[in-house]
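Notes follow once the structure below has been shown.
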Amino acid sequence: MFNFRTSLGQAEFQNPVFTASGCAGSGKELSQFFDLTELGAIVTKSIMLKPRSGRATPRMAETPSGMLNSIGLQGPGIDLFLEKDIPWLREQGATIVVSIAGESVEDYAVLARKMRAVSGISALEVNISCPNVENRGQVFACHPATARAAIEAVRRNIGGELPIIAKLTPDVTNIVEIAEEVVAAGADGLALINTVLGMVIDTNTMRPKLAGKTGGLSGPAIRPVAVRAIYQVHQALPHVKILGMGGVASGRDAFELILAGASAVSVGTATFGNPTAVIKIKEELQEQLISHGFDSLREAVGYAHRRDTNEGEL
Amino acid sequence: MTGINKSATQVWAEIISNKKVGAYHHIVFSVGEIASSAKPGNFVAIAVGGESSSMVLRRAFAIYRTFDRGASGGLLEIVVAPHGAGSTWLTNQNAGFKVDLIAPLGTAFGIPTEPVRALLVGGGYGSAPLFGLSEVLKNRGCRVDMVLGASTAMKIYAPLDGKRSVSSLTVTTEDGTTGITGKVTDVLPGIIAANEIDIIYSCGPMGMLEAINNISAELGIMHQCAIEEAMACGIGVCMTCVLPIKGEDGQVRMLRSCIDGPVVDGESVIWNSKRSIPEGTWGAN
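These protein sequence lines are chains L and E, in that order. According to our numbering, the first sequence is numbered sequentially starting from -11. According to our numbering, the second sequence is numbered sequentially starting from 598.
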């Protein structure tokens, strides 16, 4: 029997294919197309302390094999989210990973305190790398010290057993350095990668197409960046579990991230093109693993790092 | 289950026919039971470019009309303007080709319970969903007048059988190649007064919808419009197609045009809000 189970920190999951934060709405939108219990986990949108309108429109530009977005974390705020969205997801029997995002270290501390008493949550994704903020200096994951401070604030306040997964940006010179900082600060796992900062200029209006000027690039266009980041971090920190994401559109793509070192994979932009993409990818991934001779997902994690002189690898 | 996307179904829909009509393409799909659940105002989301395409997002099209002929024979029709790579790809597909299609999506035009005098206003291929609406209104005993406008004659979409469903049809073009020279809003006040219009239904570019709303607001006439915002997913998960809309509680919120629209009450929309979040919007910082 093939074993598809995986874990991130202390949390166990029946399969390794998750939604990506900000790409599955409240869960209700997708539940028309499949049963949410089919997912390894639903990762919620990154929730902030207060209701948030998000950025002005246009917020989206399609790009070759990808898209640019500048949503700006539109959402109801943590209180309404815990009152409405979470109970509904629990009723569906979904495995839930809550994603949180703050504007200050104190925000992360308060969000963690609000989460500590919430039942039915498997893990907490701490988004310290959203590119759609007014000031790039506010992207915590761009600097080792701010990345550490945000994760420490969550660690101090969360208590109990809830695993913390720190979500990092690839828009840094040395992602391994940031990964080491957040792990030292108490992160149990890492989510790699957030979108890559980009821009599209409309050649008719001759101005940036997005109202927010810059946006986060996602989709298959960034997959090699994700594979590289996961590979580098897994090599440096082989015992830290990675939730991989970035342009996964097929089981083959998910397999690629797992070979690089991901223990689970999130599907984001592919859901926009196909609401049932996550289910298709889960089925295809299992076929990929079995056809390559693996008896379990765990055996394949980081398999691209193996030393095998017969194959002439570096 | 939850009310969101509650009738939406994803199918491989075969193209039954694809014909060029003026500047547009009229495409008919075999969609089975979807035809029975679609209402005027709803839209479809179609994957474009084929399996290995670099276009990762669906394209949204208003439903022109449907024919409910049971599970095997249901038909759904759209009118496509080939102005981008995705819509051009779709207009190049022939009968027999199958596309990945999701429908019906979004809100539908509200149908009055009493017979009223309705004016339907369409810009360019925005006329398409109005013909199905006209049939429904006529079956409810409503009088239906129609105004269609475009930049030029080639961009007026008004099929013969569609014209038959309305009591009067007025056409405007900006270059005067057919009908009255000018914009739809030039003729609206006269037609509204002459026919004692109770409600306006509109579909077309946002600028036109806003101009119509200025007239309807001034005259105190109800106005339902099908809005247009760039969408990535069409099913409510991407949060890109939002616009500021005032709720019944008076609070302005950034709502999704795919879930809370495309058909909305014109008076609830905070118009001309591209590139800014209106002051007082829920969660504005």
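Glycine included, C-beta positions come from ideal geometry on N, C-alpha and C.
Could you tell me whether the Cβ atoms of residue i and residue j are closer together than 8 Å?
i, j, result
"E/V696", "E/A829", "no"
"L/G10", "L/M36", "no"
"L/I153", "L/V142", "no"
"E/H820", "E/S854", "no"
"L/A82", "L/L18", "no"
"L/S92", "L/L156", "no"
"E/S813", "E/I797", "yes"
"L/V184", "L/P158", "yes"
"E/I824", "E/M851", "no"
"L/V5", "L/K229", "no"
"L/T45", "E/L840", "yes"
"L/F(-10)", "L/S238", "no"
"E/G877", "E/V781", "no"
"L/G42", "L/I59", "yes"
"E/A705", "E/G776", "no"
"L/A217", "L/P52", "no"
Any Cβ of chain E within less than 8 Å of the Cβ of residue i?
i, result
"L/A44", "yes"
"L/F21", "yes"
"L/S9", "no"
"L/L302", "Low confidence applies to L/L302: its pLDDT is 45, below 50, so where it sits in the model is not reliable, and the reading given next is rough at best. Chain E, which has no Cβ nearer than 8 Å to the Cβ of L/L302, makes this no."
"L/N57", "yes"
"L/Q276", "no"
"L/R78", "no"
"L/L68", "no"
"L/M103", "no"
"L/K270", "no"
"L/A12", "yes"
"L/K72", "no"
"L/M233", "no"
"L/S41", "yes"
"L/E17", "yes"
"L/S53", "yes"
"L/R240", "no"
"L/E50", "yes"
Run through the DSSP bridge pairs and tell me what residue i is partnered with.
i, result
"E/C800", "E/G719, E/A823"
"L/Y291", "Looking at the DSSP assignment, L/Y291 forms no beta bridge with any residue, so it has no partner."
"E/H623", "E/K616, E/V676"
"E/E807", "E/E807 is not bridged to any residue."
"L/K16", "For L/K16, which the question treats as bridged, DSSP gives no partner whatsoever."
"L/E55", "In the sequence as displayed, the identity of residue 55 of chain L is Met instead of Glu. The partner list for L/M55 (beta bridge, DSSP) reads L/E50, L/S206."
"E/D742", "E/L716, E/S765"
"L/I35", "L/I88"
"L/K229", "L/G177"
"E/W686", "DSSP lists no partner for E/W686."
"E/G863", "In DSSP, E/G863 forms no bridge with anything."
Under 8 Å between C-beta atoms, does residue i make it to chain L?
i, result
"E/I601", "yes"
"E/M598", "Annotation note: pLDDT 42 at E/M598 (below 50); position unreliable, no value reported."
"E/W686", "no"
"E/Q607", "yes"
"E/I824", "no"
"E/S614", "no"
"E/K843", "no"
"E/L673", "no"
"E/G847", "no"
"E/M805", "no"
Could you give the distance in angstroms between the alpha-carbon of residue i and the alpha-carbon of residue j?
i, j, result
"L/E301", "L/L247", "Because the pLDDT at L/E301 is just 48, under 50, the model does not fix this residue reliably, and the value given afterwards should be weighed accordingly. Approximately 15 Å between the Cα atoms of the pair."
"L/V31", "E/A715", "46 Å"
"E/F658", "L/V114", "37 Å"
"L/Q220", "E/G671", "53 Å"
"L/S34", "L/I88", "5 Å"
"E/W626", "L/R240", "The amino acid at residue 626 of chain E is misidentified as Trp; the sequence shows Phe. Rounded to whole angstroms, E/F626 to L/R240 spans 32 Å at the Cα level."
"E/M598", "E/N810", "For E/M598, the predicted structure reports a pLDDT of 42, less than 50, and the residue's modelled location is therefore unreliable. A value from the coordinates is still provided. Spanning the two alpha carbons is a distance of roughly 34 Å."
"L/D176", "L/N162", "20 Å"
"L/G249", "L/K72", "35 Å"
"E/M751", "E/A678", "11 Å"
"E/A755", "L/G204", "41 Å"
"E/L734", "E/R662", "14 Å"
"L/H280", "L/Y291", "11 Å"
"E/Y621", "E/V676", "6 Å"
"L/L178", "E/L785", "59 Å"
"L/F260", "L/F22", "15 Å"
"L/Q274", "L/F282", "10 Å"
"L/S251", "L/N145", "26 Å"
- Item | Contact list for the segment 132 to 153 of chain L against chain E, Cβ threshold 8 Å | Within the segment 132 to 153 of chain L, no residue has a Cβ that lies closer than 8 Å to any Cβ of chain E.
- Query: Given a limit of 7 Å on CB to CB distance, which residues of the segment 624 to 646 of chain E reach chain L?
  - Reply: For the segment 624 to 646 of chain E, the beta-carbon criterion of a distance under 7 Å to any beta-carbon of chain L is satisfied by A644.
- Listed in chain order, which residues of the segment 247 to 264 of chain L have Cβ atoms closer than 9 Å to some Cβ of chain E? Within the segment 247 to 264 of chain L, the qualifying residues are T257, A258, T259, F260, G261, N262, P263, T264.
- Listed from N- to C-terminal order along the chain, which residues in the segment 181 to 212 of chain L have their beta-carbon within a distance smaller than 8 Å of any beta-carbon of chain E? Identification of residues in the segment 181 to 212 of chain L having a C-beta nearer than 8 Å to some C-beta of chain E yields A199, G207, P208, given in sequence order.
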